[in-house]
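Contents: one structure, followed by commentary.
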Amino acid sequence: MTVKQTHAFSGSRITFTTPTSFDTVTAKLNAEIESDAGFNQEDVTAAVRRGGKDAFVKLCLSRVGAFGFMKFASIDHSWVQLFGVARGLRIRRILLGNPLIAITMLRQDLDAGLFVPVEVLVKESPERRGTEVLYVLPSSLIAGVNTDDRLRNAARVLDEKLEALIRHITSPDPSKAKL
15 MTVKQTHAFS GSRITFTTPT SFDTVTAKLN AEIESDAGFN QEDVTAAVRR GGKDAFVKLC
75 LSRVGAFGFM KFASIDHSWV QLFGVARGLR IRRILLGNPL IAITMLRQDL DAGLFVPVEV
135 LVKESPERRG TEVLYVLPSS LIAGVNTDDR LRNAARVLDE KLEALIRHIT SPDPSKAKL
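Numbered according to the numbering used here, the sequence shown spans residues 15 to 193.
Printed below as a string of structure tokens:
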């Protein structure tokens, strides 16, 4: 017999607003999370078959950027313009993560897999006067039901790493600062 369970919890949505352009924010993000080789399921399968855990770890380390993340997917939501929404503004949802960070949480609770990799939404501000970057605080999702201290601590490390990345990509270019 199938049993349905409902667990209510609250998440914390974070929004960074910056005068930095959408193009600059997304370029900085891509520079930090994209590798020339990319990351796809075929690479994972080949690494596991070829060399097991060591090959997989090596693959992950070769794909992450300076902030410890790699891109898994990008969804361009700019299609909403076709329905009269967002008046030409660009909107992109990006899934990013690092399996070597994820495993620190998955060891404690496999349900954490529902929330890793994490996702961010990059939105061009009205009148193209900057950009908003939104995400849900990973620890509020990952440790929202299971409040085990080890899980919560591992998720907080992810919170800190993600915030550092977002602060970096939203920081104004100092070379363009007004004197």
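By construction, the Cβ of each residue, glycine as well, lies at the ideal position given by its N, Cα and C atoms. Remember, it's a predicted structure, so these values are computed and weren't measured experimentally.
> Secondary structure at residue 181, three-state DSSP: helix, strand or coil?
Replying inline: helix
>> So, for residue 80: in the same chain, excluding its five sequence neighbours on each side, which residues have a beta-carbon less than 8 Å away from its beta-carbon?
In response: 46
> Taking the C-alpha atoms as reference points, what is the distance between residue 1 and residue 94?
Replying inline: With the chain covering only 15 through 193, there is no way to say anything about residue 1.
>> Buried or exposed, going by whether 16 or more other CB atoms sit within 10 Å of the CB of residue 192?
In response: Any answer about residue 192 is weak, because its pLDDT of 48 lies below 50 and its placement is not dependable; what the coordinates show is given next. Exposed.
> DSSP beta-bridge partners for residue 81?
Replying inline: Answer is none; residue 81 lacks a bridge partner.
> How would you label residue 59, buried or exposed, when you count the other beta carbons within 10 angstroms and need 16 or more for buried?
Replying inline: Burial call: exposed.
>> In the DSSP assignment, the beta strand (DSSP E) including residue 137 goes from what residue to what residue?
In response: 132-138
> Among 121, 104 and 40, which residue has its Cα nearest to the Cα of residue 184?
Replying inline: 40
>> If the criterion is Cβ atoms closer than 8 Å, does the pair residue 69 and residue 78 meet it?
In response: no
>> Going by C-alpha to C-alpha distance, which of 57, 159 and 167 sits closest to residue 119?
In response: 167
>> Among 129, 165 and 38, whose alpha-carbon lies nearest the alpha-carbon of residue 122?
In response: Measuring from the Cα of residue 122, the nearest candidate turns out to be 165.
> Where does residue 38 sit, in a helix, a strand or coil, going by DSSP?
Replying inline: helix
>> Tell me the rounded alpha-carbon separation between residue 187 and residue 44.
In response: 16 Å
> What are the start and end residues of the alpha helix (DSSP H) that includes residue 109?
Replying inline: In the DSSP assignment, residue 109 falls outside any alpha helix (DSSP H) and within the unbroken beta strand (DSSP E) covering 105-111.
>> Measuring only the C-alpha atoms, how far is residue 100 from residue 65?
In response: 47 Å
> How close, in whole Å, do the beta carbons of residue 109 and residue 87 come, if the pair is a contact with beta carbons under 8 Å?
Replying inline: Contact between residue 109 and residue 87 is confirmed by a C-beta separation of about 4 Å, below the 8 Å threshold.
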